[in-house]
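What follows is a set of notes on a single structure, which appears directly below.
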Amino acid sequence: MMEMVELLTPGLLILICLCLLGAGAGRVALLLEGAIEARRQRANGTDDNWATLLRSDLVPAVAVIAAPPDASEPSRRFVRRLLNLHAGNPEIVLVLDGPSDAEMEVWKREFHLQPTSRLVNPGLKTKPVRALYVSSESIQLVVVDKGRGGRADCLNTGINVANAPVIATVDADAQFIEESLLRLLRPMLADPDRTVAVCAVAPGASEPGLPARFYRLGFLRTWLGRCAGLAASNTFLPAPGCFLMLSREAVLRIGGFQAGPLEMVIHLHALERAAERPYRIVFIPEPMSRPSAPRQYGAVRRAQARDQMEVGAALRFHKALVLGFGSLGWLAIPGLLASRLLLPLMETAGLVLGAAAMAAGWIAPGMLALLVAAPLVCEILVSMTAVLLEQLASEANAEPLDVAALFFSAIAENLGYRQWKNLWMVRDLFRGYRAAALGTK
Amino acid sequence: MITTALKAVLALEAVWAVVLLVLLGVTMAVLSASRKRRLAALAADPAIQDAVALHLGGNNDLTQLRRLAKTHPEAVEASILAFQSMIGGTTRLAELALGLGFVEHWCEGAHSGNPARRRRAFSRIAAMAHAEPVRRMTGDIPVAGLTDSDEQVRLEAARAMVCSEDLGQVALVFEAMLTDAPLNRLLLAPMLRRYAAALCHTAVPKALAELGTQPLLNLLRLLVSWECSLPLLVDLRPLAEHPEPAVRLETMRLLARVPTSATSRGTILSGMADRDPAVVMAAVATVGRLKLPDAIPQVTSCLRRNVEGVARAAAIVLSEMGPEGRLALEGQVGNPDPIASRAAREALELSGAGPSAGRHNAGPFAGSFAGTITGPGGRPAETPLVGKKQPGPVLFTAEVSA
């Protein structure tokens, strides 16, 4: 038995090494495609006519749905920032998920809320709405007090309350510009029949410190790969910090949100493809909305855990899509599964198995070093490539020294941090998966 | 063999690393150069703005501006355009752009094979097209741009032509936009609105008579979107009987904008008997907008048509038609048809006349419903709106499909 294990272990390690190298090559190809796509999108960007759009009565009403987790100062600031968004007919629908009396008081004080009677469309099934409020200030704000049901339930309630034909939502910690709505509306107005969603996200500003750089490297790979790379084959999947705009009709057609924006976009892709309808989900790689830039390891950990849990939830709902619906099932979903679960598992298993094999004398140290070094260097080079491709994809206005610092921090990222991150990536994905499974019961 | 293969992989990775290092060097050099240019332009910006402001103030000496335009052409061009957008229709800035050779440069750009350069050129031409000297220089370039393959170029060309205030050119833009991309129609519609009266006497009747279904639909939506009274003296009955329901629907909406006559009243009343509920709703909304008291019996019969959306639209219109309408509505509260009675009750509540008006509890949400009220274009909304601006786009399909 031991002889069999001794024989198989080197072979298994070689197989893992080859898989990791293959995945690295595939990711470089996707990053390159993403950079080209992002550059193409930017070239197609037009001189802005927002002033006209802003004035035009023809611009559809947009409802921005916000579901802040609490009544803290950052949450209130987030809602204030939403109220500053420019658009012809904007409305902010603030959905409070089972707030306590104290939290409700804070919101009432902050926005001078008054109860209102407004009819709610029962289009999507949600937890019961307890009360509706509007602000006595001259702002288009509707506040919904509802029973606790989670983020997806909040978004669905917001859709029921909002009347606009276009729905938008953004992460509470995203940094977005005031013209975001108008810019997002543009592709929707250009091709209203086919455009079911528009999403904008771009890497955040460079921050000093290794944790911030590690987060940025991870985000760059996601942005160029998951967003821009997949957008080239109309299988775009959103990244954290995105500003997502959706056709209300399309959202109602698929029965609303089950988890976060990622799940929603996958669902939209799947449904439109199943119905064989011509459709498009537009990705705008411009810096209209950016994820917040965490500076501490703890904050980086939390931000990545949130994303990983969202991926877990999305995979829970759409695992059946693997190997179906063309590039969605053959590229996007398997890619997501591989990058967020299989590769971290393989890397970890490879390291543990390699160490055990060397200790048992089943593999020569030189051979093991080669087996570990080849994929490790490949990962470093993938990250470095992403740093340079970002410059190709975006406006060349970064600080040269920041680019160099980020470029070389790819080495540090892969020497310890990445291996440690792999462990909790797997854990967080399963947490998200489990939470989604429990939520549906 | 595996060891050799892995060594080869590492060697390949080493080559890749060297390439990346070279590319990093190039990127840093490019970024440094771009940073220097940005900083230089930023440093020259106050001097450029001062020079442009002095020129606007009456200084005709272009020596300094010529010198600045030579070293920082983009910054000077941007400054002229920024002043232009701030102070509007002055020809002095246009003459400055001509004097510094920018307009000539834009004319060259308008013939470029690169769409991005063409867009940029046309956008600048459009910004200065109000000035006669610039129009003389650009000649037929905007007219040619109207048939460009690039959507943005067509839009900018159309903007340039509308700025000329030449009714012939405006009519050309109007005709072209009826078959252009939806976004271009949306952006140009407000610009054409000021020529609405003139177009209603010339291009609109011709287009109404000649166009196929889709451009006709675009035209009707455009006319409705202008949201103003239109001196359109055309019999719209044939359009109200068009086989395409969307055309009939938009015709009903348009009837709220044209001078009311016996014929148009008859057309609206016939619209309320249409087989398509959306058309009926539009006709009902038009009645509400025009406040036609003699149509109250027909609106009341719409309330009883057993179609939920139509019933709500009719109920809300009746609630807005004064005592007579409200009386008719109250008469329907006890109607055995549950749809009619509920719509009547809800409309009375919304208008403040109902027994539970102004409720603030969870009542409306439990077993809630989608009500229908009329929008600014006399358009019935798909979902209820209380105290809120209506979604307005008539060019937005998602809503049109209501």
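Residue numbers (the numbering used here), protein chains in the order written: chain A, 168 to 608; chain B, 886 to 1287. Even glycine gets a Cβ: it sits at the ideal position worked out from N, Cα and C. On a predicted model such as this, the values are computed, not experimentally measured, just so you know.
**Report entry** For G201 of chain A, the nearest candidate out of A:A437, A:L404 and A:W497 (CA to CA)
**Finding:** Comparing Cα positions, the closest option is A:L404.
Report task. Could you have a look at D569 of chain A and say whether DSSP puts it in helix, strand or coil? Result -> Here D569 of chain A sits in helix by DSSP.
**Report entry** Among A:N256, A:G376 and A:L518, the one whose alpha carbon lies nearest that of L352 of chain A
**Finding:** The candidate whose alpha carbon is nearest that of L352 of chain A is A:N256.
Report task. Enumerate in chain order the residues of its own chain whose CB-to-CB distance from L535 of chain A is below 6 Å, with the five nearest sequence positions on each side excluded. Result -> Closer than 6 Å at Cβ, skipping near neighbours: G521 and M525.
Query raised in the report: At a Cβ threshold of 8 Å, is C545 of chain A touching chain B?
Result: Yes, C545 of chain A lies at the interface with chain B (some Cβ there is under 8 Å from its Cβ).
Query raised in the report: Which whole-angstrom value is the C-beta distance of V1132 of chain B and M1166 of chain B, which I expect to be below 8 Å?
Result: No, V1132 of chain B and M1166 of chain B are not in contact; Cβ-Cβ is about 15 Å, not under 8 Å.
Report task. Please decide whether K608 of chain A counts as near chain B, where near means a Cβ-Cβ distance under 8 Å. Result -> Any answer about K608 of chain A is weak, because its pLDDT of 45 lies below 50 and its placement is not dependable; what the coordinates show is given next. At a cut-off of 8 Å between C-beta atoms, K608 of chain A does not count as an interface residue with respect to chain B.
**Report entry** Secondary structure, alpha helix (DSSP H): runs of 4+ residues fully inside the stretch 1115-1154 of chain B
**Finding:** DSSP runs (the alpha helix (DSSP H)) wholly in the stretch 1115-1154 of chain B: 1122-1125 and 1130-1139.
Query raised in the report: Going by C-alpha distance, which of A:L182, A:A441, A:P266 and A:R601 is nearest L488 of chain A?
Result: Relative to the Cα of L488 of chain A, the nearest Cα in the group A:L182, A:A441, A:P266 and A:R601 belongs to A:A441.
Query raised in the report: So, does the CB of P241 of chain A fall closer than 8 Å to a CB anywhere in chain B?
Result: No, P241 of chain A does not count as interfacial toward chain B.
Query raised in the report: Count the other CB atoms within 10 Å of the CB of T1268 of chain B; is the residue buried (16 or more) or exposed (fewer)?
Result: The predicted position of T1268 of chain B is uncertain, since its pLDDT is 34 and thus under 50; a value taken from the coordinates is nonetheless stated next. Buried.
Report task. Sort A:V333, A:P445 and A:L582 by Cα distance to L377 of chain A and report the nearest one. Result -> The candidate whose alpha carbon is nearest that of L377 of chain A is A:L582.
Requested in this report: Look up F343 of chain A in the DSSP assignment and give the residues it is bridged to.
Outcome: The partner list for F343 of chain A (beta bridge, DSSP) reads A:S456.
Query raised in the report: In chain order, what residues of the stretch 1061-1075 of chain B put their CB closer than 7 Å to some CB of chain A?
Result: So the list reads A1066, P1067, L1068, L1071, L1072, A1074 and P1075, given in the order they occur along the chain.
Query raised in the report: Are any of the Cβ atoms in chain B nearer than 8 Å to that of N401 of chain A?
Result: N401 of chain A does not count as touching chain B.
Report task. Say whether chain A places a C-beta atom closer than 8 Å to the C-beta of L927 of chain B. Result -> Interface flag for L927 of chain B against chain A is unset, since no Cβ pair is found closer than 8 Å.
Report task. Using three-state DSSP, classify E443 of chain A as helix, strand or coil. Result -> Three-state result, E443 of chain A: coil.
Query raised in the report: Is the CB of P375 of chain A under 8 Å away from at least one CB in chain B?
Result: For P375 of chain A, no CB of chain B lies under 8 Å from its own CB, so it is not counted at the interface with that chain.
Query raised in the report: Taking Cβ positions only, does L548 of chain A come closer than 8 Å to chain B?
Result: Answer yes: the Cβ-Cβ gap between L548 of chain A and chain B drops below 8 Å somewhere.
Report task. Step through the CB atoms of chain B and report whether any lies within less than 8 Å of the CB of F147 of chain A. Result -> One cannot answer for residue 147 of chain A here, as it falls past the ends of chain A, which runs 168 to 608.
Query raised in the report: Is V1229 of chain B helix, strand or coil when you go by DSSP?
Result: At residue 1229 of chain B the sequence reads Ala, which differs from the Val that was named. The answer is helix: DSSP assigns A1229 of chain B an H, G or I state.
Query raised in the report: R206 of chain A by DSSP, collapsed to three states: which one?
Result: DSSP, reduced to helix, strand and coil, places R206 of chain A within a helical segment of the structure shown.
Query raised in the report: Which first and last residues belong to the beta strand (DSSP E) in which D312 of chain A is found?
Result: If you look at D312 of chain A, you'll find it in the beta strand (DSSP E) that goes L308 to K313.
Query raised in the report: What does A541 of chain A touch in chain B if you count any residue whose Cβ is under 8 Å from its own?
Result: L891, V894, L895 and E898, listed in chain order.
Requested in this report: With 8 Å as the C-beta to C-beta threshold (strictly closer), list the residues of the stretch 334-348 of chain A near chain B in chain order.
Outcome: Residues of the stretch 334-348 of chain A with a Cβ closer than 8 Å to any Cβ of chain B: none.
Query raised in the report: First and last residue of the beta strand (DSSP E) that includes L299 of chain A?
Result: Its beta strand (DSSP E) spans residues V296 to S302.
**Report entry** Residue(s) in a DSSP beta bridge with T1023 of chain B
**Finding:** Answer is none; T1023 of chain B lacks a bridge partner.
Query raised in the report: What is the DSSP secondary structure of L413 of chain A, counted as helix, strand or coil?
Result: Looking at L413 of chain A - three-state DSSP - the assignment turns out to be strand.
Query raised in the report: Shorter than 8 Å from the beta carbon of Q558 of chain A to some beta carbon of chain B?
Result: Residue-level contact by beta carbon holds for Q558 of chain A and chain B, with a gap shorter than 8 Å.
Query raised in the report: Out of A:P282, A:A269, A:V226 and A:P227, which has the shortest C-alpha to C-alpha gap to S239 of chain A?
Result: Just measuring C-alpha positions, the residue of A:P282, A:A269, A:V226 and A:P227 sitting nearest S239 of chain A is A:A269.
Report task. Closer than 8 Å by beta-carbon distance: list the chain B residues that pair up with L582 of chain A, in chain order. Result -> Here the premise fails: no neighbours, minimum Cβ distance about 15 Å.
Query raised in the report: Pairing CB atoms from the stretch 418-438 of chain A with CB atoms from the stretch 342-350 of chain A, are three or more of them under 8 Å?
Result: No, they do not touch.
Query raised in the report: What residue ranges within the stretch 944-1001 of chain B form continuous alpha helix (DSSP H) runs of no fewer than 4 residues, ordered along the chain?
Result: Segments of the alpha helix (DSSP H) lying fully in the stretch 944-1001 of chain B: 948-956, 958-972, 976-984 and 987-995.
Query - chain B within 8 Å of R353 of chain A, Cβ atoms only - result: Using beta-carbon distances, R353 of chain A counts as an interface residue toward chain B, with a partner under 8 Å.
Requested in this report: List the DSSP bridge partners of F450 of chain A.
Outcome: Beta-bridge pairing links F450 of chain A to A:C366.
Requested in this report: Check whether the Cβ atoms of A205 of chain A and P452 of chain A lie closer than 8 Å to each other.
Outcome: Yes, the pair counts as a contact, with Cβ atoms nearer than the cut-off.
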